[in-house]
Structure formats: C-alpha cells, structure tokens
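Participant:
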Ligand SMILES: Cc1cc2nc3c(=O)[nH]c(=O)nc-3n(C[C@H](O)[C@H](O)[C@H](O)COP(=O)(O)OP(=O)(O)OC[C@H]3O[C@@H](n4cnc5c(N)ncnc54)[C@H](O)[C@@H]3O)c2cc1C
C-alpha cells in the first residue's frame, strides 16, 4: 500500500464512526454536564467497542478514531482520548495485577482514567514537578498538588507522576497508579472555555506502595514521555476532525448564502480562502497519518514527526475554524452553532500535551542533532 493512502476498509470504518458519533454519541454528549465526566457517554464508547481499540491497535487506528469522532462529536472524541491517555501507562507499564484490575473496566467504559502530570509550577517544564513522594514504611506518601487534570476529580483512578528523588529533574520521577478512593486524595472541578471535564487534585499524604508503581522507580518520566509520543499525532487527528467539520460547514454555507447578487462562493476571495482551508486541512491530515504510521513501524525520529504533526494540525485547525467563523458571519457566533462550539474547542490543543512552542523546540533539537 502506498504511504498515506488509507485502505478501503479503513475509509469505511471512518465513515461508520462518523455516523455512530453523530447518531448515537452526540445525543449523550449533549445531555452531559459541562466540565464533568459524562459516564453514560464513556459507557457507550465501551459498548460500541471503541475503547477496546485504544490498546494495542496502534497509533494510526487511534488517529482514525479521534479524527472521525471529532468530526461529528468532540465530546465523544475527548472522552475516548482521555481513557487512552490515563490508561495507556497501565497497558504499557502495568503489572499483570494492575492490568487485570483496571483495563477490562476501562475498555468497558465502567472505569474512568486520568493522566496527572501537570502542576501549578510545572506545565511545559514537566520535569520540574514537585508532588512529593516521601518514603513511608516500605512505600510512599504523596503530598502536593496537580492541576489541569482532565477527568479530575471524577475519574476512578489516576496515573500520577511524583518526585521520588529530590533535585534529580526528570530522573527522579516515579509513575503511580492511584485509585480515586485512596485516603487523602481530593479534587476540585475547573471551569474552562470549552466544556472539558477537568480539575485539580490535592494530595494530603496519600499512601502508595510498591504494587502501585507503574514501570520502575525514578523512571516515571519515560512513562509520561512515551505516552505523549503516542498521543501527540492523535491530538493532531482531533484537530483535523474539527477542521474538516468546519470546512464542510463552510462549503455548504458559502454555496447557498447569497450576497451582492450571487452565492458567496462566487466571490474569489471567499473561494480562495476555502481553498486554503482545504489545503491546510489535507496537509495536516497527511502529516498526522505519516507520524502515526512511522510510530507504528517503530521508525527513528518519531519525536520529530509526532511534534510536527501536532504542531501543524492544531495550528491549521485554529486557522480553519477561525476562517469558517468569518465566512459564516454572525450566525457562527450564536450559542449552540457548530462553529461557536468548535471555536471554543479548537483553542486548547495548541496548549496541552506540549504547547506549540514546545513542539517547535522538539523539532529544532532533532534537526540540529
Ligand atoms: C484542556 C486542557 C486539558 C489538559 N489536560 C491535562 C491532563 O489530563 N493531564 C495533565 O497532566 N495536564 C493537562 N493539561 C495541562 C497542560 O498539559 C499544560 O497546560 C501545558 O503543559 C502547558 O503548561 P502551562 O499551562 O502551565 O503553561 P506554561 O508552561 O506556563 O507555558 C505558558 C506558555 O509559555 C510558552 N512557553 C512555555 N515553554 C516554552 C518554551 N520552552 N519555549 C517557548 N515558549 C514556551 C508557551 O506559549 C506556553 O503556552 C491540560 C490543559 C488543558 C488546557
């Protein structure tokens, strides 16, 4: 198969996912409480077998899932992605007992997962994290704070990155699987521009033991970075799905809306803008698929390709959604309009899982290596 062309069965699957997202998942997403975990939606993702595709199917599958769901229902896309982000460390680094306890529940949509890396003073510079894992009777006690944690405080367990060795930067971090009912763990929801389930977590001497470690002691930063390497192209896929939805809405609108004696599409500036929107969307899609395929093949230079895909696709989607708003005029800004929704949704992916500037730094570092 030539690079970047999807096989007929993949294209068919994407079509089915879009229909499923629009017909079955969006009604559930619409009923959810903004900013809170939507359990019926997560359960539906499990019942339709989508969560089971998160583990072991590869980066390209993940991208196709995210792009297709995002096209018709960003809420379903995000709920799916967060299950993956929170539980991938368990799938990739968990002990048999940890995997048996949590993965069937995650894939069934009965347990909600979260990935807790960021802190008030450690965002882009994640290696500066300070959540303290102080030694205590053969285990540790976690003390400190995490913030901007998707699915918090409503998740059932958290992959938590904590400092086991002080002053050791990225080398002194351990990943722990922390069930939400551990004593001393509490959380507060945060209210964001887009209706994203997110909150902060407070750790007041939360006990964890050797059985809760994911991977090896002091090697947790690798767990975080390897998880992000897999998910980065798929953040790009999320962006491509949103861009395609905005582009299709714009094509329909500009073909029918009349002004100055004809449809908007007959104005050359409008048609050229739409051509730019389509070109950037397609370029983003190709970069995303290329990065995902490279990840699945185990190629060298994965970090650069993943960073390029995430950077280009999220920036392209911002451009496309903004242009779509412009070409729709006032109606795009009305609460409840698809573009009003996408305009709010499209902003955050340029910040999370490595801001655009951080992606540029990764790319440049690889180029000068
Ligand atoms: C919707 C949403 C969901 C999130 N979900 C999670 C989650 O589930 N788990 C989790 O752990 N975190 C999550 N986060 C947090 C996210 O990962 C951080 O916001 C991100 O890493 C940036 O950190 P910060 O916000 O502290 O910004 P800062 O690190 O303070 O950076 C602010 C800005 O400074 C600039 N900047 C930073 N570093 C550089 C650099 N090296 N070079 C040039 N410019 C730079 C960039 O413009 C950047 O946007 C989420 C955030 C959002 C918005």
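Numbering (this note's numbering), first residue to last: 30 to 398.
Where a beta carbon is used, it is the ideal one built from N, C-alpha and C, also for glycine.
From a predicted model like this one, the values you see are computed outputs, not experimental measurements.
Rank 125, 79, 118 and 121 by C-alpha distance to the C-alpha of residue 107 and give the top, closest one.
Facilitator: Checking every option, the nearest Cα to that of residue 107 belongs to 79.
Participant: Please confirm whether any heavy atom of ligand 1 lies closer than 7 Å to the CB of residue 387.
Facilitator: Under cutoff, so the answer is yes.
Participant: With a 10 Å radius around its C-beta and 16 neighbouring C-beta atoms as the bar for buried, classify residue 48 as buried or exposed.
Facilitator: Exposed, since its Cβ has fewer than 16 Cβ neighbours within 10 Å.
Participant: Which of the three DSSP states is assigned to residue 69 in this structure?
Facilitator: Note: residue 69 maps to helix in three-state DSSP.
Participant: If I follow the unbroken beta strand (DSSP E) through residue 60, where does it start and stop?
Facilitator: Counting along the chain, residue 60 falls outside any beta strand (DSSP E), though it belongs to the alpha helix (DSSP H) covering 55-60.
Participant: Ignoring anything shorter than 4 residues, give me the alpha helix (DSSP H) runs that lie fully in the region 116-164, in order along the chain.
Facilitator: The qualifying runs are 125-137.
Participant: Out of 155, 116 and 206, which one is the CA nearest neighbour of residue 239?
Facilitator: The residue with the shortest Cα to Cα distance from residue 239 is 206.
Participant: Cα separation between residue 134 and residue 344?
Facilitator: Answer to the nearest angstrom: the Cα atoms are 35 Å apart.
Participant: Using only CA atoms, which one of 263, 395, 177 and 38 lies nearest to residue 144?
Facilitator: When each option's Cα is compared against that of residue 144, the closest is 177.
Participant: How many Å lie between residue 63 and residue 227 at the Cα?
Facilitator: Each residue's alpha carbon lies about 10 Å from the other.
Participant: Can you tell me whether residue 74 sits near ligand 2, meaning its C-beta is under 7 Å from at least one heavy atom of the ligand?
Facilitator: In the structure on display, ligand 2 does not appear, and the ligands it does have are ligand 1.
Participant: Among 167, 120, 56 and 55, which residue has its Cα nearest to the Cα of residue 82?
Facilitator: Cα-wise, what sits closest to residue 82 is 120.
Participant: Is residue 30 helix, strand or coil when you go by DSSP?
Facilitator: Note that residue 30 has pLDDT 38, beneath the 50 cutoff, so the model's placement of it is unreliable and the number below is only indicative. It is coil, neither helix nor strand.
Participant: Starting from residue 295, follow its DSSP beta bridges and name the residues at the other end.
Facilitator: Answer is none; residue 295 lacks a bridge partner.
Participant: Counting only runs of 4+ residues fully inside the region 310-387, write out the alpha helix (DSSP H) ranges in chain order.
Facilitator: Here the runs fully enclosed are 331-357 and 367-374.
Participant: Whole alpha helix (DSSP H) runs in the region 231-307 with 4 or more residues, listed along the chain?
Facilitator: 249-285, all fully within the region 231-307.
Participant: Which residue's Cα is closest to the Cα of residue 300: 279, 334, 315 and 69?
Facilitator: Nearest C-alpha to residue 300: 279.
Participant: Which of the three DSSP states is assigned to residue 44 in this structure?
Facilitator: Residue 44: helix per DSSP, three-state reduction.
Participant: By how many angstroms is the C-alpha of residue 165 removed from the C-alpha of residue 266?
Facilitator: Taking the straight line joining both Cα atoms gives about 43 Å.
Participant: Are at least three pairs of beta-carbons, each pair with one atom in the region 268-283 and one in the region 141-161, less than 8 Å apart?
Facilitator: Touching, no, given that fewer than three Cβ pairs across the two stretches are closer than 8 Å.
Participant: In three-state DSSP terms, what is residue 37?
Facilitator: It is helical.
Participant: Quickly, what does DSSP pair residue 107 with across the bridge? List them, please.
Facilitator: DSSP lists no partner for residue 107.
Participant: Nearest-angstrom Cα distance between residue 413 and residue 270?
Facilitator: As shown, the chain starts at 30 and ends at 398. That puts residue 413 outside it, with no answer to give.
Participant: What's the call for residue 397, buried or exposed, on a 16-neighbour Cβ count within 10 Å?
Facilitator: So residue 397 counts as exposed.
Participant: Smallest Cα separation from residue 359: which of 282, 127 and 386?
Facilitator: When each option's Cα is compared against that of residue 359, the closest is 282.
Participant: Strictly by DSSP, which residues pair up with residue 227?
Facilitator: BP columns for residue 227 point to 179.
Participant: Express the C-alpha separation of residue 387 and residue 366 in angstroms, rounding to a whole number.
Facilitator: If I take the Cα positions, the gap works out to 32 Å.
Participant: With DSSP collapsed to three states, give me the class of residue 86.
Facilitator: In this structure, residue 86 counts as coil in the three-state DSSP scheme.
Participant: Compute every distance between the C-beta of residue 42 and the non-hydrogen atoms of ligand 1, then say whether any falls below 7 Å.
Facilitator: Incorrect: residue 42 has no Cβ contact closer than 7 Å to ligand 1.
Participant: So which of 41, 346 and 71 has the shortest CA-CA distance to residue 185?
Facilitator: The residue with the shortest Cα to Cα distance from residue 185 is 71.
Participant: Around the Cβ of residue 103, are there at least 16 other Cβ atoms within 10 angstroms (buried) or fewer (exposed)?
Facilitator: By the 10 Å Cβ count, residue 103 comes out buried.
Participant: Among residues of its own chain, excluding the 5 on either side of residue 331, which ones have a beta-carbon nearer than 8 Å to its beta-carbon?
Facilitator: Around residue 331: 258, 320, 323 and 324.
Participant: Short of 7 Å in beta carbon distance, which residues of its chain neighbour residue 217, apart from the five on each side in sequence? Order them along the chain.
Facilitator: Closer than 7 Å at Cβ, skipping near neighbours: 182, 228 and 229.
Participant: So is residue 31 buried or exposed if we call it buried at 16+ other beta carbons inside 10 Å?
Facilitator: With a pLDDT of 39 at residue 31, under the threshold of 50, the modelled position of that residue is not reliable, and no figure is offered here.
Participant: Measuring straight from C-alpha to C-alpha, what distance separates residue 422 and residue 38?
Facilitator: Coverage of the chain is limited to positions 30 through 398, which leaves residue 422 absent and any answer about it impossible.
Participant: State the CB to CB distance for the pair residue 354 and residue 372, rounded to an integer number of angstroms; the pair is presumed to be in contact (CB under 8 Å).
Facilitator: So it is a contact: roughly 6 Å between Cβ atoms.
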